[in-house]
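Below is one structure, written out as C-alpha cells, with a few remarks after it.
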C-alpha cells in the first residue's frame, strides 16, 4: 500500500519519520510518496531515503513529486508535516503578539501565535482533506503532525470530513 507524506521537504523530520515507520516489519514493503512545494528539498530527502532503503536492503519504494494530488492518489495513509509560511511566518507568530504585550513561550500551538498559525494552516489542511476524499484509498487515514496540531486535527475532522488522527 501507499503512504503519502505532505511536507516531506522538512528533511530532518521526514528522515526520522521514515526510519521510525521502517522499524515496523509490516510497513517495510510500502510505497512512500513524498510531496513538497520545495523541489530542492524534495530531491534531497528522496535521495537520502533511497540510500536508506538500498543500504538496509528493504523492499520499500520511494517516489517524489511536487504534485500533491498525485502523491495522495491511492494512498492508505496521508501524513502532514507542513509548516505553512515557513520560519519567517513563525517568527511573525512570536513578534506580532509580543508587539502588543503578549509574551508567549511557544507560538505554534496555543495563544495568539497559535491562532495566527491556525489561520494560515487550516485552509491548507482543508485542501488536503478535499484531495484525500477525492483521490485516496477509501477509508484512508489522515495523520496530522502539523502545528497547531489540535486546531488542524479538529478542522480536518469537523470540516474536512476525513478520518484524522493528530500526532505530536
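In our numbering, the protein residues as written are 43 to 210.
Beta carbons are placed, not taken as given, at the ideal position from N, Cα and C, and that holds for glycine.
Per DSSP, what kind of secondary structure is residue i in: helix, strand or coil?
i: residue 103; result: strand
i: residue 95; result: helix
i: residue 181; result: coil
i: residue 73; result: strand
i: residue 122; result: strand
i: residue 114; result: helix
i: residue 44; result: strand
i: residue 159; result: helix
i: residue 166; result: helix
i: residue 60; result: helix
i: residue 203; result: coil
i: residue 80; result: coil
i: residue 135; result: helix
i: residue 54; result: helix
i: residue 8; result: The structure shown does not extend to residue 8, since the chain is modelled only from 43 to 210, so the question has no answer here.
i: residue 174; result: helix
Within the same chain, show all residues whose beta-carbon is closer than 7 Å to that of residue i, passing over the 5 residues directly before and after it, in chain order.
i: residue 206; result: 184, 186, 195, 198, 199
In terms of DSSP beta bridges, what is residue i paired with?
i: residue 208; result: 186
For residue i, is the beta carbon positioned less than 8 Å from some heavy atom of the ligand HEM?
i: residue 203; result: Ligands are entirely absent from the displayed structure, and the ligand HEM is therefore not among its contents.
With 9 Å set as the bound, which would you pick, yes or no: does the beta-carbon of residue i sit closer than that to a beta-carbon of chain B?
i: residue 143; result: Among the chains in the structure shown there is no chain B, since it carries only a single protein chain.
State the CB to CB distance for the pair residue i and residue j, rounded to an integer number of angstroms; the pair is presumed to be in contact (CB under 8 Å).
i: residue 124; j: residue 87; result: Contact flag wrong, Cβ pair sits at about 14 Å.
i: residue 173; j: residue 118; result: About 14 Å separates the two Cβ atoms, so there is no contact after all.
i: residue 177; j: residue 121; result: So it is not a contact: roughly 15 Å between Cβ atoms.
Going by beta carbon distance, what residues of the same chain come within less than 6 Å of residue i, once the five residues before and after it are set aside?
i: residue 164; result: 197
i: residue 62; result: none
i: residue 126; result: 162, 163, 166
Could you name the residues of the same chain whose beta carbon sits closer than 8 Å to that of residue i, not counting the 5 residues immediately before and after it, in chain order?
i: residue 150; result: 132, 135, 156, 159, 189, 190
Sufficient close CB pairs (3 or more, under 8 Å) joining the region 157-171 to the region 86-97: no
Given 8 Å, three or more beta-carbon pairs between the region 73-83 and the region 136-147: no
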